[in-house]
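In this note's numbering, the protein residues as written are 619 to 1071.
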């Protein structure tokens, strides 16, 4: 969303009504909010942090332009004094964040936002949408990468994603999680992603027969043609490619790959591999697509089915088996001190916090959730970095996509196998509370008990 005025309106109405009430009462002091997932989605052992790049851009550009203010005035909800405040509002706060590509767990702040309370409150909706969705997709992509076990996969999700904006963000998040590229041309331009494309069944059907279609396409793209061979019959399509081998060689054309998009891939891929090899086309790869997810890919890989790469669409861009991530944005501290929400099932951890990761023999062993001003546990690596100060991004952020992707790969390799698995088993990854947090909770509980008497 490139229009800052429109982006400012990407907020739930109650953020603005609360902000108006804060302003009316003169409550402009600083507040700290944590953005976190209360729990992991089903069959997830971890999350891959993502969306920070967009979050920082939004905060740096946050402003209500004349059009936005005119619309708010038309609602007849807000007085002129509050609208005048919005007209000058800029984000002036600080943000600490887990870097994109790093793994995180339930209860750990992905972002920690400290700003005058009106600024911090208005940003809630956008930040939840931005970080929550992209973290969901990056996590799904990381699971697909795990299933691929070294084979590559490409984001094919744009036509099934829930909106144009989602497709753009899904392509970027998928790259961080492990995708080799995307089919979406605009995402390639905007994010510098490698593009991947083959041909559709409509091309074969328009030409009228497979030999002519394959020749026409291969001649158009002699160095990178990927021929879709399942329009009518997959094995027969492979035999057509084999029959064209000598003619293609004479024209110095060798197809890069054939694509299978339907049927029993476990049966068809070996048959196609044999047909191609018998024709001397050992270098032609097999690319598979068609409602794939990490579970289907994992079985194909474990069964040693000769597929070299995968295209993953719907299940990637929608989150598939876990299509939402329950991220929340909760007040942790204000000018009067730590804040503690005690609602059953929705309890928060008060105070400004840091997350530390402790390793044993190079493997992530457990995390510690601690107060920000508390001494770090021995050997602990702080995960929350200062990425924005006084409303301006630091030079080191946002990091490049390549850096985020490399960070993701390293983080996944450091996880215990039981946590990285597609179906995590045994004990979940441990996130401990520090002595400082335990002491703070005890103090707040005692103070609350006194007020009840």
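Beta carbons: idealized from backbone N, C-alpha and C, even for Gly. Because the structure is a prediction, the values reported are computed rather than measured.
In DSSP terms, what residue i is bridged to
i: residue 817; result: None, per the DSSP bridge assignment.
i: residue 878; result: 906
i: residue 1050; result: 986
i: residue 665; result: 722
i: residue 999; result: 975
i: residue 956; result: 951
i: residue 1010; result: 1007
i: residue 770; result: 927
i: residue 966; result: Note: residue 966 sits in no beta bridge, so no partner.
i: residue 845; result: 876
i: residue 799; result: 772
Residue i versus the options, residue with shortest Cα-Cα distance
i: residue 972; options: 876, 730, 787 and 900; result: 730
i: residue 657; options: 943, 797 and 1011; result: 943
i: residue 713; options: 651, 988 and 726; result: 651
i: residue 756; options: 784, 984 and 978; result: 784
i: residue 685; options: 719, 640, 625 and 697; result: 625
i: residue 1009; options: 704, 728, 738 and 702; result: 738
i: residue 628; options: 1035, 742, 1045 and 926; result: 742
i: residue 903; options: 917, 911, 914 and 923; result: 923
i: residue 726; options: 1012, 988, 1058 and 1028; result: 988
i: residue 669; options: 687, 719 and 816; result: 719
i: residue 846; options: 872, 831 and 999; result: 831
i: residue 716; options: 779, 1042 and 753; result: 753
i: residue 815; options: 1044, 929, 997 and 967; result: 929
i: residue 709; options: 759, 648, 758 and 728; result: 648
i: residue 842; options: 817, 824, 1047 and 851; result: 817
i: residue 1002; options: 1028, 801, 848 and 975; result: 975
i: residue 837; options: 873, 811 and 850; result: 873
i: residue 640; options: 692, 660, 740 and 663; result: 740
i: residue 706; options: 824, 1039, 690 and 681; result: 681
i: residue 632; options: 690, 892 and 821; result: 690
i: residue 813; options: 825, 800 and 821; result: 800
i: residue 699; options: 638, 1058 and 723; result: 638
i: residue 960; options: 968, 761 and 1036; result: 968
i: residue 810; options: 825, 786 and 823; result: 786
i: residue 1044; options: 1035, 1050, 1051 and 1052; result: 1035
i: residue 1042; options: 1064, 663, 634 and 996; result: 663
i: residue 659; options: 683, 724 and 679; result: 724
i: residue 1047; options: 1030, 744 and 695; result: 1030
i: residue 1026; options: 849, 856, 797 and 931; result: 797
i: residue 758; options: 795, 970 and 1065; result: 795
i: residue 770; options: 745, 856, 907 and 850; result: 907
Host beta strand (DSSP E) of residue i (start-end)
i: residue 987; result: 981–989
i: residue 654; result: 648–655
i: residue 603; result: A question about residue 603 goes unanswered here, because the residues of the chain that appear run from 619 up to 1071.
i: residue 729; result: 729–734
i: residue 1004; result: 1003–1007
Opening and closing residue of the alpha helix (DSSP H) in which residue i lies
i: residue 850; result: No alpha helix (DSSP H) holds residue 850; DSSP gives it neither H nor E.
i: residue 835; result: 828–838
i: residue 975; result: Premise fails: residue 975 lies in the beta strand (DSSP E), 971–978, not in any alpha helix (DSSP H).
i: residue 758; result: 742–766
i: residue 888; result: 883–896
i: residue 803; result: 803–809
i: residue 789; result: 782–795
i: residue 864; result: 863–868
i: residue 1020; result: 1019–1032
i: residue 1038; result: 1035–1038
i: residue 900; result: Residue 900 -> no alpha helix (DSSP H), and no H or E assigned at all.
i: residue 1130; result: The question about residue 1130 has no answer, for the chain in this structure spans 619 to 1071.
i: residue 674; result: 670–679
key: Stretch pair the segment 669–676 + the segment 770–784: three plus CB contacts closer than 8 Å   = no
Three-pair Cβ contact test at 8 Å for the segment 785–793 versus the segment 801–818 = yes
query = Three or more C-beta pairs closer than 8 Å, one from the segment 892–906 and one from the segment 861–876: is that the case here?
reply = yes
request  = Please determine if the segment 984–1002 and the segment 636–644 are in contact, where contact requires at least 3 C-beta pairs separated by less than 8 Å.
outcome  = no
request  = May I have a chain-ordered list of the alpha helix (DSSP H) segments no shorter than 4 residues that lie completely inside the segment 681–718?
outcome  = 684–692 and 698–706
ask   = Which full runs of the beta strand (DSSP E) of 3+ residues lie inside the segment 913–948, going along the chain?
value = 927–930
ask   = Hey, is the segment 755–769 in contact with the segment 915–922, meaning 3+ C-beta pairs nearer than 8 Å?
value = yes
query = For the 8 Å Cβ check, are there 3 or more pairs between the segment 1018–1027 and the segment 999–1009?
reply = no
inquiry  = Closer than 8 Å is the cut-off here; do at least three beta carbon pairs connect the segment 877–890 with the segment 933–941?
reply    = no
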